[in-house]
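**Q** For the sequence shown, our numbering gives the first residue as 50, with consecutive numbering after it. Idealized CB from N, CA, C, for every residue including glycine. Keep in mind the model is a prediction, meaning the values are calculated, not measured.
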Amino acid sequence: MTKSTPEMANAEKTRRMESVAFVSLGCPKNLIDSERMLGLLAADGIAVTDDSNTADAIVINTCGFLEASRREALEVIRQAVESKNRAIRRGRSKRVVVAGCLVQRDKSRLLEEAPGIDALVGVFDRENIIAAVRGAAVIASPPADMGKFHAVTRMMGRHDRSRQGYTEQDGARLRLTPRHYAYLRISEGCNQGCTFCTIPGIRGRMRSKPLEQIIGEARELIADGARELNLIGQDTTSYGGDIGYNGPGQGLSGLLRTLDQLQDVGWIRLLYAYPSNFTDDMIRALADARRVVQYLDIPLQHINDEILHAMRRKVTRREIETLLDKLRRRVPGITIRTTFISGFPGETEAQHRELVDFVRQFGFDCLGVFEYSPEPETPAGRLWRTRGVPAAVAARRREEIMLTQQEIVFKKNAAMIGHTPGVLIDQADPRRRTAVGRYAGQAPDIDGQVRLHDCSVAAGELIQAVIEDWKHYDLIGRPLPATNGPREPRERRKPVRLPVASQ
Ligand code: SF4
């Protein structure tokens, strides 16, 4: 009789690792990491399932940006551990692997608060996901403070400062977005150092992806059916500065002009642009573009100078107003989206009123407001201990800004009646002859939509529609006859459904 060796036991374990359930939490940057890890797992022969009860492993790619996201991630991890414990009681094994920002931010507390995790994978160790899922006994640079958690496989590398730029592969992804749109990362990390933000501590300093690599990934996504590419990074305005793209026409403007030449793509959209150093050349690149849509997501966070200074935003009210004015004059019809924070430590009622008045006067096309979340390791988190705004006040201020914005959006929606924009179809219901899509001024997941009736269209088509009405944040319309004919059935890829997911 052959004796069982550790290698044979390992091989047996490997054979049994047939399926994984994957939960992706957080923002589109995390989503790209999830898609990359899923691509690696699938290429290694591990099936992706939406049934976490029967899966051999559950991977949770966490967000750790704010306290609320930490609570959400902990809840999902505890559910996964319960599922694992049920499997063990039935004589089966199951691994729980936790990856992403929360692991990078707070690994020790995570293990204390959610016992039962089998492997941790930090944001710089995404490529090791197969070993973590299969249970290989790899411990990459185990930090000294984790000695008591011997049983946990830890992949906790740090940003290698000797490497220039972002050269990790974001290609070969198993995408979680619908086939017709995708996120395309142009950089990782951030050098801005806003006092409320935990991101630089988690994702490291800014690293731009080389231009050729971005073009290669864009082509791969287009070949996979993407008709809309959404460019992301922590601070897209600063693209290229760290890898020597500093000459005239280089950096972000050069990237936009190069991407604008791509064939077979409908829309390219710029998200997360930091307001300082948004140059005239970048504005020209937006104005001249054909495929890069005239839409800019530019998080401003506040408008009062004292608060901007306390946030260390490196920009004043006057500079913001000058930039917004230029954008509106030089890129006619541009959609401008922003985000603000309500209840930043020390924010007075007068400063809040200044923000509300500014929102009313400028009339943003789209706007989001976050209540300030105290993060203890940040300068603003320390300021909050002495100058914190009560949560109820921050919530009331958020509501006031949102209601002010609502009036603006309703007026803008009414003004869209009679317009005939191009609409990219996100979902279609052939039986009811309805569809939901977006025109170029609406980004996926965060903005309103166009609801279409009397239509025979398919998801992924770019059609022309006439806007007839509006309801709340959405527009209502129907396709123009020339773009509403019966269609050849399109090849549809089976979507990967997640057990739990949030954006
Ligand atoms: S620019 Fe954005 S990611 Fe960078 S520190 Fe500021 S808020 Fe954080």
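At which residue ranges does the segment 256 to 326 contain complete beta strand (DSSP E) runs of 3 or more residues, listed in the order of the chain?
**A** With a minimum length of 3 residues, the continuous beta strand (DSSP E) runs that stay inside the segment 256 to 326 are 277 to 281, 316 to 319.
**Q** Does DSSP put L372 in a helix, a strand or coil?
**A** If DSSP states are grouped into helix, strand and coil, L372 belongs with the helices.
**Q** May I have the straight-line CA-CA distance separating R431 from L115, to the nearest angstrom?
**A** One C-alpha to the other measures close to 15 Å.
**Q** Under a Cβ-count criterion, where at least 16 other Cβ atoms within 10 Å of its own Cβ denotes burial, should D194 be classed as buried or exposed?
**A** Low confidence applies to D194: its pLDDT is 48, below 50, so where it sits in the model is not reliable, and the reading given next is rough at best. D194 should be labelled exposed.
**Q** Going residue by residue through the segment 77 to 106, where are the continuous alpha helix (DSSP H) segments of at least 4 residues, counting only ones entirely within it?
**A** Correct list: 77 to 92.
**Q** Do the segment 411 to 424 and the segment 448 to 467 make contact, defined as three or more Cβ pairs closer than 8 Å?
**A** Enough Cβ pairs lie closer than 8 Å, so yes.
**Q** Starting from the N-terminal side, write out each stretch of the alpha helix (DSSP H) that is 4 residues or longer and does not extend beyond the segment 339 to 420.
**A** Listed in chain order, they are 354 to 359, 366 to 379, 398 to 411.
**Q** When you measure from the CB of Q241 to every non-hydrogen atom of the ligand SF4, does any distance come out below 6 Å?
**A** True, at least one ligand heavy atom lies under 6 Å from that Cβ.
**Q** Whose C-alpha, out of I352, S287, R306, S422, is nearest the C-alpha of L404?
**A** If we check each option's Cα against that of L404, I352 comes out closest.
**Q** Quick check on I137: buried or exposed, where buried means 16 or more other Cβ atoms within 10 Å of its Cβ?
**A** With fewer than 16 Cβ atoms within 10 Å of its Cβ, I137 is classed as exposed.
**Q** Shorter than 6 Å, the distance from the beta carbon of D284 to the closest heavy atom of the ligand SF4, or not?
**A** Yes, Cβ of D284 sits closer than 6 Å to a heavy atom of the ligand SF4.
**Q** Name, in chain order, the residues that DSSP records as bridge partners for Y488.
**A** For Y488, which the question treats as bridged, DSSP gives the partners V472.
**Q** Please state whether DSSP places L74 in a helix, a strand or coil.
**A** Reduced to three states, the DSSP call for L74 is coil.
**Q** Could you check the C-alpha separation between L501 and I356 for me, to the nearest Å?
**A** Taking the straight line joining both Cα atoms gives about 43 Å.
**Q** Would you call T111 buried or exposed, if buried means 16 or more other Cβ atoms sit within 10 Å of its Cβ?
**A** Per the 10 Å Cβ criterion, buried.
**Q** So, helix, strand or coil for S505, using DSSP?
**A** If DSSP states are grouped into helix, strand and coil, S505 belongs with coil.
**Q** What residues are listed by DSSP as bridge partners for K460?
**A** Per DSSP, none; premise fails for K460.
**Q** Tell me whether H229 is buried or exposed, calling it buried when 16 or more other Cβ atoms sit within 10 Å of its Cβ.
**A** By the neighbour-count rule (16 or more Cβ atoms within 10 Å), H229 is buried.
**Q** Mind checking K52: buried by the 16 CB within 10 Å criterion, or exposed?
**A** Only weak support is given to the placement of K52: the predicted model assigns it a pLDDT of 43, under 50, and the value that follows is read from those uncertain coordinates. K52 comes out exposed.
**Q** Could you spell out the range, first to last residue, of the beta strand (DSSP E) harbouring D523?
**A** That run of the beta strand (DSSP E) goes 523 to 528.
**Q** Looking at I347 and the ligand SF4, is the gap between the Cβ and the nearest heavy atom below 6 Å?
**A** Not under cutoff, so the answer is no.
**Q** State the beta-bridge partners of A429 as determined by DSSP.
**A** Its beta-bridge partners do not exist; DSSP assigns none.
**Q** Which residues in the same chain have their Cβ closer than 8 Å to the Cβ of A92, if we skip the five residues on either side of it in sequence?
**A** These residues qualify, in order along the chain: A221.
**Q** Where does E237 fall in DSSP's three states?
**A** DSSP places E237 in strand when its eight states are reduced to three.
**Q** Tell me the rounded alpha-carbon separation between T365 and H358.
**A** T365 and H358: Cα-Cα distance of roughly 8 Å.
**Q** Sorry if obvious, but does the Cβ on Y421 come closer than 6 Å to a heavy atom of the ligand SF4?
**A** No, the Cβ of Y421 stays beyond 6 Å of every heavy atom of the ligand SF4.
**Q** Could you give the DSSP three-state label for A163: helix, strand or coil?
**A** A163: coil per DSSP, three-state reduction.
**Q** If we ignore side chains and look at the alpha-carbon of each, how far apart do A399 and F393 end up?
**A** When rounded, the distance between both Cα atoms is 13 Å.
**Q** Hey, G171 and V152: beta-carbon distance below 7 Å or not?
**A** Yes, the pair counts as a contact, with Cβ atoms nearer than the cut-off.
**Q** Drop a sphere of 10 angstroms on the beta-carbon of K78, count the other beta-carbons inside from all chains shown, and report buried for 16 or more, exposed for fewer.
**A** Looking at its Cβ environment, which holds 16 or more other Cβ atoms inside 10 Å, K78 is buried.
**Q** Could you tell me whether any non-hydrogen atom of the ligand SF4 is closer than 6 Å to the CB of Y323?
**A** True, at least one ligand heavy atom lies under 6 Å from that Cβ.
**Q** Given a threshold of 16 other Cβ atoms within 10 Å of its Cβ, counted over all protein chains shown, does D406 qualify as buried or as exposed?
**A** The residue is exposed, with fewer than 16 neighbouring Cβ atoms inside 10 Å.
**Q** Would you list, in sequence order, the uninterrupted alpha helix (DSSP H) runs of no fewer than 4 residues that lie entirely inside the segment 121 to 167?
**A** Segments of the alpha helix (DSSP H) lying fully in the segment 121 to 167: 150 to 162.
**Q** Between which two residues does the beta strand (DSSP E) carrying V515 extend?
**A** Here the beta strand (DSSP E) through V515 covers 511 to 520.
**Q** Straight-line CA distance for W316 to S422?
**A** Taking the straight line joining both Cα atoms gives about 34 Å.
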